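Before any comments, here is the structure.
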Amino acid sequence: MILVTGATDGLGRYITTELTKAGHRVLAHGRNPERLRALHDELGVDTVQADLGELRQVDRLADEVLQRLDHLDVLVNNAGVGAGADQTRREESADGIELRFAVNYLAGYHLARRLVPLLVASAPARIVNVASIGQEAIDFADPLLERTYNGMRAYRQSKLAQIMATIDLATELKDTGVTANALHPATLMPTTMVNEGWPGVSMSTLEEGGTATLRLILDEALATTTGRYFDSNTPDPVDPNPQASDAEARRQLRELSDRLVETALIDARR
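Each residue of the sequence shown is one higher than the one before, counting from 1 in UniProt numbering.
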């Protein structure tokens, strides 16, 4: 079984379609129930619904996956939001966390950690984080951009955070049979996210981004590759932003992430 988040639109829908056509079982996640029903009717895939902008729902999503599945081959953290139509307007998630950081990074971070036991029990298994070539170092004095905000910076920080967490997961999961890798699928594909920030602009096709992502999901040549970042369909991994290699920065990110998740879930129970 392959779990794909953000499966009802754009890249997620493309890879869900291609995986299903190839005979793979897919559990498709989405936020919108109507779009999920349409996807189910079209492809026959199983579906699961949650708004990844609320960590309580991410937690419920993990619970549901663990209840429904006894085997998970691949987790694809694909769901995300772009820099926003108005990049000067700072938005927050339902938990009061900067929205790009919450949806693009923190949701996948928490979901992966909740599903690690199932992935390990299912090994060999993979975690694939759909990140971006657009990366910017996190300022830990203002990680959620409360003092100075820019939508593109928020987006780029969230994507670098994904890569940093990928490296940590790969280290933690060494010798378990579970790999973790990240990629930039393609540049400015014709997706809702891209159209919001760059109306009418497109540089790459969904097929290009989908091919790159499917390679990390399926290619047996990458069965033992872990903790790496790939740029589109370039065969070999490349180096991300230098902060990804900074162990102290990754430690600060882990501590911040765990604190935000714990606070949000405690508040949700009150």
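All C-beta atoms in this analysis are idealised placements derived from N, C-alpha and C, irrespective of residue type, glycine included.
Everything numeric in this text was worked out from a predicted model, so none of it was measured.
Q: Give the secondary structure of residue 272 by DSSP, where H, G and I count as helix, E and B as strand, and everything else as coil.
A: There is no way to answer for residue 272, as the model of the chain reaches only from 1 to 270.
Q | Secondary structure of residue 333, DSSP reduced to three states | A | Residue 333 falls outside the range modelled here, since the chain spans only 1 to 270, and no answer is possible.
**Q.** Distance CB(G10)-CB(T187) smaller than 7 Å
**A.** No, Cβ-Cβ distance for G10 and T187 is not below 7 Å.
Q: Using 10 angstroms around the beta-carbon of A221, count the other beta-carbons present and answer buried if the total reaches 16, otherwise exposed.
A: Answer is exposed; the Cβ neighbour count stays below 16.
(Q) So for residue 287, helix, strand or coil by DSSP? (A) Missing from the structure shown is residue 287; the chain here goes from 1 to 270 and no further.
(Q) Taking the alpha-carbon of L55 as reference, which of E92, T179 and R25 has the nearest alpha-carbon? (A) Of the residues E92, T179 and R25, the one whose Cα lies closest to the Cα of L55 is E92.
Q) Are the Cβ atoms of Q135 and R153 separated by less than 7 Å? A) No, Cβ-Cβ distance for Q135 and R153 is not below 7 Å.
Q | Residue range of the alpha helix (DSSP H) that includes V261 | A | Counted as a single uninterrupted DSSP element, the alpha helix (DSSP H) harbouring V261 occupies residues A247 to R269.
Q: Go through its chain and collect everything with a Cβ distance to A165's Cβ below 6 Å, but skip five positions before and after it.
A: Taken in chain order, the residues that qualify are Y109.
Q.
Checking 7 Å against the spacing of the C-beta atoms, do V120 and V48 come in under that value?
A. Not a contact, by the Cβ cut-off of 7 Å.
Q | Length of the line joining the Cα atoms of R228 and P240 | A | Each residue's alpha carbon lies about 9 Å from the other.
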